[in-house]
Amino acid sequence: MEHATESRTDIAVEQEEVVVRIRGLCKAFGSHEVLRGFDLDLLRGENLMVLGKSGSGKSVLIKCIIGLLRPDAGHIDVLGQDMLALRHDALDRMRMRIGFLFQSNALYDSMTVRQNLEFPMRRHWSVMDANERKARIMKALEDVGLAHTADLMPSELSGGMAKRVGLARTLIMRPEIVLYDEPTTGLDPITGREIVELILQLQRQYNTSSILISHDLNVAKLAANRVVVLHEGRAHAQGTYDELLRAKDPVVRRFFMAL
Amino acid sequence: MPGERSQRFKLGLFVVAGTAVLILTLYIMGTRKDMFARSITISADFREVNGLRTGNNVRYSGINVGTVDAIDIVNDTTVRVRLNIRMDAAGHIRDNALANVGTDGLMGNKLVSIMPGTGEGDPIVDGSVLRSAPGLDTDAMMRTLQRTNDNLLSITEDLRQLSERLNDPNNLVGMLTDTTMGDVWRNAVHQLQAASGNARALTDGVNTLVTDAQQGRGAIGLLLTDQGTEEDVRRILMDLRTAADTLGLAIGRIDRFAQGLNNDRGLAHALTQDTALAGDVRHMMGRLDTTTVLLNEDLRALQRNWLLRKYFKEKEKGRR
Amino acid sequence: MNRAAPYLGPMVSTTGYRDLIEEAGDMARFTGRFFREVLRPRYEWEELLRQAFINGYRSLPLVAVTAFIMGLVLTVQSRPTLERFGAESMLPAMVAISVVREIGPVITALICAGKIGSSMGAELGSMKVTEQIDAMEVSGTNPFKYLVVTRVVSTTLMVPVLVVLADAIAIWASYIGVNFKDTVSWPLFHQQVFDSLIFSDLLPAFFKSFFFGFAIGIVGCYKGFHTERGTEGVGRASHSAVVVASLMIFMLDLVAVQITDILGLN
Numbered sequence: 001m002e003h004a005t006e007s008r009t010d011i012a013v014e015q016e017e018v019v020v021r022i023r024g025l026c027k028a029f030g031s032h033e034v035l036r037g038f039d040l041d042l043l044r045g046e047n048l049m050v051l052g053k054s055g056s057g058k059s060v061l062i063k064c065i066i067g068l069l070r071p072d073a074g075h076i077d078v079l080g081q082d083m084l085a086l087r088h089d090a091l092d093r094m095r096m097r098i099g100f101l102f103q104s105n106a107l108y109d110s111m112t113v114r115q116n117l118e119f120p121m122r123r124h125w126s127v128m129d130a131n132e133r134k135a136r137i138m139k140a141l142e143d144v145g146l147a148h149t150a151d152l153m154p155s156e157l158s159g160g161m162a163k164r165v166g167l168a169r170t171l172i173m174r175p176e177i178v179l180y181d182e183p184t185t186g187l188d189p190i191t192g193r194e195i196v197e198l199i200l201q202l203q204r205q206y207n208t209s210s211i212l213i214s215h216d217l218n219v220a221k222l223a224a225n226r227v228v229v230l231h232e233g234r235a236h237a238q239g240t241y242d243e244l245l246r247a248k249d250p251v252v253r254r255f256f257m258a259l
Numbered sequence: 260m261p262g263e264r265s266q267r268f269k270l271g272l273f274v275v276a277g278t279a280v281l282i283l284t285l286y287i288m289g290t291r292k293d294m295f296a297r298s299i300t301i302s303a304d305f306r307e308v309n310g311l312r313t314g315n316n317v318r319y320s321g322i323n324v325g326t327v328d329a330i331d332i333v334n335d336t337t338v339r340v341r342l343n344i345r346m347d348a349a350g351h352i353r354d355n356a357l358a359n360v361g362t363d364g365l366m367g368n369k370l371v372s373i374m375p376g377t378g379e380g381d382p383i384v385d386g387s388v389l390r391s392a393p394g395l396d397t398d399a400m401m402r403t404l405q406r407t408n409d410n411l412l413s414i415t416e417d418l419r420q421l422s423e424r425l426n427d428p429n430n431l432v433g434m435l436t437d438t439t440m441g442d443v444w445r446n447a448v449h450q451l452q453a454a455s456g457n458a459r460a461l462t463d464g465v466n467t468l469v470t471d472a473q474q475g476r477g478a479i480g481l482l483l484t485d486q487g488t489e490e491d492v493r494r495i496l497m498d499l500r501t502a503a504d505t506l507g508l509a510i511g512r513i514d515r516f517a518q519g520l521n522n523d524r525g526l527a528h529a530l531t532q533d534t535a536l537a538g539d540v541r542h543m544m545g546r547l548d549t550t551t552v553l554l555n556e557d558l559r560a561l562q563r564n565w566l567l568r569k570y571f572k573e574k575e576k577g578r579r
Numbered sequence: 580m581n582r583a584a585p586y587l588g589p590m591v592s593t594t595g596y597r598d599l600i601e602e603a604g605d606m607a608r609f610t611g612r613f614f615r616e617v618l619r620p621r622y623e624w625e626e627l628l629r630q631a632f633i634n635g636y637r638s639l640p641l642v643a644v645t646a647f648i649m650g651l652v653l654t655v656q657s658r659p660t661l662e663r664f665g666a667e668s669m670l671p672a673m674v675a676i677s678v679v680r681e682i683g684p685v686i687t688a689l690i691c692a693g694k695i696g697s698s699m700g701a702e703l704g705s706m707k708v709t710e711q712i713d714a715m716e717v718s719g720t721n722p723f724k725y726l727v728v729t730r731v732v733s734t735t736l737m738v739p740v741l742v743v744l745a746d747a748i749a750i751w752a753s754y755i756g757v758n759f760k761d762t763v764s765w766p767l768f769h770q771q772v773f774d775s776l777i778f779s780d781l782l783p784a785f786f787k788s789f790f791f792g793f794a795i796g797i798v799g800c801y802k803g804f805h806t807e808r809g810t811e812g813v814g815r816a817s818h819s820a821v822v823v824a825s826l827m828i829f830m831l832d833l834v835a836v837q838i839t840d841i842l843g844l845n
């Protein structure tokens, strides 16, 4: 916990804008407590990585942020709004400003790639004309280097391609904050690396702030400005990749032992 | 997108087809119930309507001409039935026509049957009231038949005993002195007359039934497609007619016999002198016997007939 | 509503009456949510039409074949019994009444429960386990509205249409069946059928088929929406959607016959 306190004073010193502020987040499933008072601040333009073992509650954390899960206690402020107080349309509008890349990509398998990318824009059809929509879809596909796949079905894509399409769909509404759920899981190391590089490139291009969750240290090394170690439902330690690499804490050490 | 447009077209076709079938069916059913045809409303009063319901058909000479519009109880003995009659059929119905409540087949829906009346009449107009005739009630018919048979059985029994006594010379004296004898005879004659009347009414009833059936009208009409059943009914009819005739004959003879008893020469003369009469009485007894046996058989046959089985089952139940 | 964690309590449909009652409660809540969502604006017309196409038009071939066979077999099977009473002429009326009142709606609904219910359970189930439903939610589309409301409304509206067409096909098949052993002209057959049918044969049966459609949609969506435990759960969702929907159809049928009886429409 001491690391967390330290870093918060850092932020105050640097006078940077906090886009996601989480305080005392608790979530339990039955008797199984997953999060027990988790705190986190995401700064604008920052790439924050949450590192944790499988089942440590990383996914639960970001699903709470976007409102897919409702926490039992705690506060989540996103872009100055209390996420837990939002309902229906207000929540949907807020969600348009947050991108979410699912671990399984979650491409709609009854739709083509084009329709998949069109789907998030449905609510904006009235304000966006057909040409603009089309242009945006093609731009998003070009960004991830898959302009030729527009009319394929998701089942026809390889794992890496599906991930890229997922990324394109996540970014198509130009979100300010992007949440990545295990972006490299299930991909071979080379493809995983390509994806991470793509994420970084697009992040610079669209100036997003992101939270990546992963147990993959390569992601941390390549992409993260800051790493938070999630252990037993709390932010156990945080710092840059290099700081954590040198840390003496046994929990943190265990993550880096594999290297 | 072209795929989407053809999808919509097919969906549209599908929904239109379904709706069209539904509406067409409802329309056809509506026209059958004369919902959309121009019609006039007439009424008829009945003592009872036998379970007639609103919407049942109205037939004129066996043709559907309308539907029952409403059924109201007017007072303790009258039920007024309002009938919607199609305009085109109304012109053919006269105001002296008779309405009765019948059944479409023995187990079918109730209906109002209008029969042309005798003599001249004016065409019906909106609000006309038709006279009603009691409907042909199979239950009542069977009850009459049963009663007739019971009567015949007891008569035959009485006559047999009587003739046995007559044949025994030892009893002749006793009988001659018996003053109640004349009353017994008179009684027998009355019973025979009643039985004869019943049988005749029954014969007429069955006759109407069969005629109706042949014209495809009335109660049994629709169900009597089975040749066997029709023949059964025909045979029963013949037997009944024979029974009625025999009874008529018997009554005539017994009358004569009774007169003979009552006249001044008395019974002794009748029995001893008038051998022809005695022979006649004996002969008549034999014929009555045969008739009774035949009628009994017919009744059993009727009981087995599926058309009437229900009636007898109920009767059986009632007895228990 | 989003009980996503895979290590939750026992799946429904394991054992015990408690689970059964809990599931009934969940399903009632789900139905309640459907009615709340169906009335709130932002209607997904596009998806509704697409679902109507899939659940209605695409089910027609299967329903049509079933109805045809049903009408034919019913006619051929009933003939010997009616022959014994010398009442073959009642065959068209008998088949028409039994098809319109009972067999048409119930068989069509059961076929739809098999076809639509299972595919809904499987489709929504796999969407659920591959996070597609979550993806929809985070992209600002209410998945309940987009997936459940459209599907339930489409089955509610399409099953009655299928029932009407199935009735027509079955009666037409009965005409063919009558003519196997007999020569009855179409006008006569038509007349015999319509002589026997009355509004209270057709209308209650038609109205109950809306409820059949609703049950198929709600059960299929409920099972799909509450799928857990990955691919195994998808299979289970699919098959239990069929079982529960079929059972509901029979129960609704029982209720419907009581209601028509009470209303005096029998």
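Residue numbers (the working numbering), protein chains in the order written: chain P, 1 to 259; chain A, 260 to 579; chain C, 580 to 845. Note that beta-carbon positions come from the ideal geometry of N, C-alpha and C, so glycine has one too.
- Residue contact with chain A for VAL743 of chain C: present (Cβ-Cβ distance below 8 Å to some residue of chain A).
- Looking only at A:TYR319, A:GLY507, A:ALA348, the smallest Cα-Cα distance to LEU411 of chain A is reached by A:GLY507.
- Apart from the 5 residues on each side of it in sequence, PRO671 of chain C sits with its Cβ closer than 7 Å to the Cβ of SER753, VAL757, PHE768, GLN771, VAL772 in its chain, given in chain order.
- Sorting A:GLN266, A:ILE373, A:GLY289 by C-alpha distance to the C-alpha of ARG637 of chain C places A:GLN266 at the top.
- For MET715 of chain C, the closest alpha carbon among the candidates P:VAL252, P:GLN238, P:LEU68 is that of P:LEU68.
- Shown here, ASP335 of chain A sits in coil according to DSSP, grouped into three states, outside any helix or strand.
- Between PHE100 of chain P and VAL717 of chain C a beta carbon distance of about 4 Å is seen, short of the 8 Å cut, so the two are scored as contacting.
- In the DSSP secondary-structure assignment, ILE301 of chain A is bridged to A:LEU342.
- If you check the CB distance, THR337 of chain A and ASP304 of chain A come in under 8 Å.
- At a C-beta separation below 7 Å, ALA749 of chain C has no neighbours in chain A, since its nearest C-beta there lies roughly 12 Å away.
- In the DSSP assignment, ALA358 of chain A forms a beta bridge with A:ILE373, A:SER391.
- The alpha-carbon separation between VAL219 of chain P and ALA135 of chain P amounts to approximately 31 Å.
- Nearest CB-CB separation between MET128 of chain P and chain C: not below the 8 Å threshold.
- With respect to chain C, the C-beta atom of ASP249 of chain P has no partner C-beta closer than 8 Å.
- Judged by beta-carbon spacing, VAL674 of chain C lies beyond the 8 Å limit of THR687 of chain C, meaning their Cβ atoms are not closer than that value.
- Non-local C-beta neighbours of GLY704 of chain C in its own chain, meaning closer than 6 Å and more than five positions away in sequence, comprise GLY803, THR806, VAL813, ALA816, ordered along the chain.
- The three-state secondary structure of TYR725 of chain C, taken from DSSP, is helix.
- The beta carbon of ARG353 of chain A sits closer than 8 Å to those of PRO375, GLY376, GLU379, GLY380, ASP381, PRO382, ILE383, all from its chain and outside the five residues before and after it, given in chain order.
- DSSP, reduced to helix, strand and coil, places VAL821 of chain C within a helical segment of the structure shown.
- GLN711 of chain C belongs to the set of residues whose beta carbon lies under 8 Å from a beta carbon in chain P.
- Inter-residue distance for GLU118 of chain P and VAL679 of chain C is about 45 Å (C-alpha atoms, whole angstroms).
- If you check each beta-carbon in the segment 716-742 of chain C against every beta-carbon of chain A, the ones closer than 7 Å belong to VAL740.
- In this structure the segment 23-40 of chain P does not touch the segment 684-699 of chain C; the number of beta carbon pairs closer than 8 Å is below three.
- Judged by DSSP secondary structure, ARG36 of chain P falls within the beta strand (DSSP E) whose first and last residues are 32-43.
- Assignment of beta-bridge partners to LYS139 of chain P by DSSP yields no partner.
- HIS351 of chain A sits in coil when the DSSP states are folded into three classes, being neither helix nor strand.
- Taking CB atoms only, ASP77 of chain P has no neighbour in chain C less than 8 Å away.
- Secondary structure within the segment 173-216 of chain P: the alpha helix (DSSP H) runs of 4 or more consecutive residues, fully enclosed, are 189-206 (chain order).
- A check of alpha carbon separations from VAL644 of chain C across C:ALA749, C:VAL822, C:SER697 identifies C:ALA749 as the nearest.
- Under the Cβ criterion (8 Å, minimum of three pairs), the segment 236-251 of chain P does not count as touching the segment 74-82 of chain P.
- Using a Cβ-Cβ cut-off of 9 Å, TYR636 of chain C is close to GLN266, LYS269, LEU270, LEU272, PHE273, VAL274 of chain A, given in chain order.
- Using beta-carbon distances, ALA701 of chain C does not count as an interface residue toward chain P, since no partner is under 8 Å.
- The beta carbon of ILE712 of chain C lies closer than 6 Å to those of MET706, PRO722 in the same chain, with the five residues before and after it left out.
- Residue burial annotation: TYR319 of chain A is buried, with at least 16 other C-beta atoms found within 10 angstroms of its C-beta.
- In chain A, no part has a C-beta under 8 Å from the C-beta of PHE786 of chain C; the shortest such distance is about 12 Å.
- For MET49 of chain P, the enclosing beta strand (DSSP E) has its first and last residue at 47-51.
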